[in-house]
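Throughout the sequence shown, residue numbering follows the working numbering, covering 132 to 531 in sequence.
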Amino acid sequence: MKVCIGLLLLLYSGWALGQCKMFIVRPFTDPVTEKICSSALLEDVKELYSNIQQAHPDLYRNVSKETFDSSYLNLVHQCSQDLTLLSFVGELNKFLQLLKDSHTFVSVRDLLSYRSFSRHYLPLRLMEQQGEVVVVKAWENTIPSGVQLLSINSTRVSTYLKSAPQFAPIEAIADSAFHLMMPHVTSALMNLSHPNKWNTVVWFDGKDSISEVVRSPKRSKTQQGELFKGEPIEISFERKEGAGILKIASFSPRNIKGFKKKLDQIFKEVTEKPLDKLIIDLRNNTGGYIVLQEYLMSFLVPKNTVYSADYVYKRSPFDRFSQLSKLERKRFVRAAKRFYPNGAISRELDFYNKPFGSLDTVTNNPVLKNKQGLTYWGPCDLLVNELSMSASANFTAWFT
């Protein structure tokens, strides 16, 4: 009897492994090995194509309609077969890259949340040097800094580096930024493909090839506190030779209130203990919440300064007004009518009342202020690079 049950389980396991999935359950789906049925993929692709035309305010800025439609037909062809989630994301991004809009793509890092209960993740900071992948820093120094990474579990690291371009966003003509992202994407692909606690890693230290079994922590652990000891994930401040260096890694914190509180503390210290110069470091800051960009700005201008910014909106079932609940919509309309025809909220009401598909430019005029009314009046420099994007690029344009 036990033998029969064992054979049945073995046969069922083989059958299950050969089947595609119609529905994706995030905790139980492996994005690298399990395939999704082509019918489900095609349904998503067709919905994406329809929705993006309704929602995107400037769809054909960087690509002709003919080229975009031709690429869509190729995407449909590629998705006419069962694919893993990783392969599907790669095909989607090859299609979306034509838009050259970094806000319109699927992040490969989102796939790290699949099978998260059993997933291990090794935080790695890498860089590319003449086609070689070099370790800048590894979690708890499990891999020495400066070594050339060769393979993980017998798979060459160059394999992930070569496939990285299809998983990175493209922004207009920022080619250098695109290439700078390759090591970051390579790290994500390696972790996706090797979610085990123990992995055999081979590197070259300049003299010999060294093979070691390296431990990766649970991914949930890497999302708590600091990735690398002494380096806060989002924001840090240090004094050096009379200058204060404010490093902001992202405007997308896990806690908005905590981010603001940290800025309050830093600028309170700066006003109480003056600096020769403040240096704001936004290198590799790929953006986030505009409201936090504006909060940083509030410390560098007189109290209650007005900041004007124009935003191009396209009315669609996916815009921020359509995402409001029925009650929130009523509150918005009531508040807008109270000030009409004055103020930015009145112009937003005009836009809200337009039919889907309408394009309009809405000027936003927020008053820049922080909780303690602090202002830094001393010299200030800004550091940015090709990976300073979105909200950090907005800040740069305002600062200069």
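Think of the CB as a built atom: it goes at the ideal place given N, C-alpha and C, for glycine as much as any other residue.
DSSP, read as helix, strand or coil, puts Thr286 in strand. DSSP places Val344 in the strand class (E or B) of the three-state scheme.
In this structure, the beta-carbon distance from Thr494 to Val432 does not fall below 8 Å. According to the DSSP secondary-structure assignment, Ser367 is paired through a beta bridge with Lys378.
Bounds of any beta strand (DSSP E) do not take in Leu216; it lies within the alpha helix (DSSP H) bounded by Leu216 to Leu227. Under DSSP, Phe335 takes part in a beta bridge, and its partners are Gln279 and Ser340. In terms of Cβ geometry, Ser383 and Tyr442 do not form a close pair [threshold 8 Å]. In the DSSP assignment, Tyr444 falls within the beta strand (DSSP E) that extends over Ala440 to Lys445. Excluding its 5 nearest sequence neighbours in each direction, Tyr483 has C-beta neighbours in its own chain below 6 Å: Phe452, listed in chain order. The Cβ atoms of Ser429 and Leu499 lie closer than 8 Å to each other.
About 5 Å separates the beta carbon of Ile410 from that of Ile376, a gap short enough to meet the 8 Å contact definition. Annotation for Lys408: the continuous beta strand (DSSP E) segment containing it runs Lys408 to Asp412. Beta-bridge partners of Gly262 (DSSP): none assigned. Annotated three-state conformation of Asn272 is helix, per DSSP.
Rounded to the nearest whole angstrom, the CA to CA distance from Thr331 to Val422 is 44 Å. Leu311 and Pro472 have their C-alpha atoms spaced approximately 47 Å apart. According to the DSSP assignment, Asn495 belongs to the beta strand (DSSP E) that extends over Leu490 to Asn495.
According to the DSSP assignment, Asp200 belongs to the alpha helix (DSSP H) that extends over Lys196 to Gln209.
For Leu253, the secondary structure class from DSSP, reduced to helix, strand or coil, is coil. Here Lys328 has His251, Arg346 and Ser347 as same chain residues with Cβ atoms under 7 Å from its own Cβ, once five neighbours each way along the sequence are excluded.
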